[in-house]
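Here our numbering is used: the sequence shown runs in plain steps of one and ends on residue 184.
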Amino acid sequence: MPDFYHSVPINAPKADVYAAIATQPGMQGRWTRDTVTENKIGGAAEFGFDGCGMVFRMLIKSMEPGKSLTMKCSGDHPDSAIYLVARGADDCGSRRRRV
86 MPDFYHSVPI NAPKADVYAA IATQPGMQGR WTRDTVTENK IGGAAEFGFD
136 GCGMVFRMLI KSMEPGKSLT MKCSGDHPDS AIYLVARGAD DCGSRRRRV
């Protein structure tokens, strides 16, 4: 799968950006309400859409609190990974990179 880069500038403190991309409440408010995560390395993360008719299952591979989170797909697309990097207002927003 080719690399996909997506950058979203967010005018907020880095800690708030990290909370939005690396915690269950943050992902529920930012991506989908049907989110269940275990916030630890090796933990599972599931993101459901359309009443959970489509569910993305991920495994948390790495976490740097306040900085970044890496998840690898453990469901239908095992070669996919999502790299989330928190960048606050002082470093020009946040960046999400999907490979």
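Positions of the beta carbon are idealized from the N, C-alpha and C atoms, including for glycine.
My output table needs one value for Asp119: the three-state DSSP class, helix, strand or coil.
strand
Which residues bound the beta strand (DSSP E) around Ile145?
139–149
Per DSSP, Gly133 forms a beta bridge with which residues?
Asp119, Val140
Hey, would you say Met156 sits closer than 7 Å to Met143, going by beta carbons?
yes
Tell me the residue span of the alpha helix (DSSP H) that contains Ile73.
Nothing about residue 73 can be reported from this structure: the residues present for the chain run from 86 to 184 only.
What does the Cβ neighbour count give for Phe134, buried or exposed, with the cut at 16 atoms within 10 Å?
exposed
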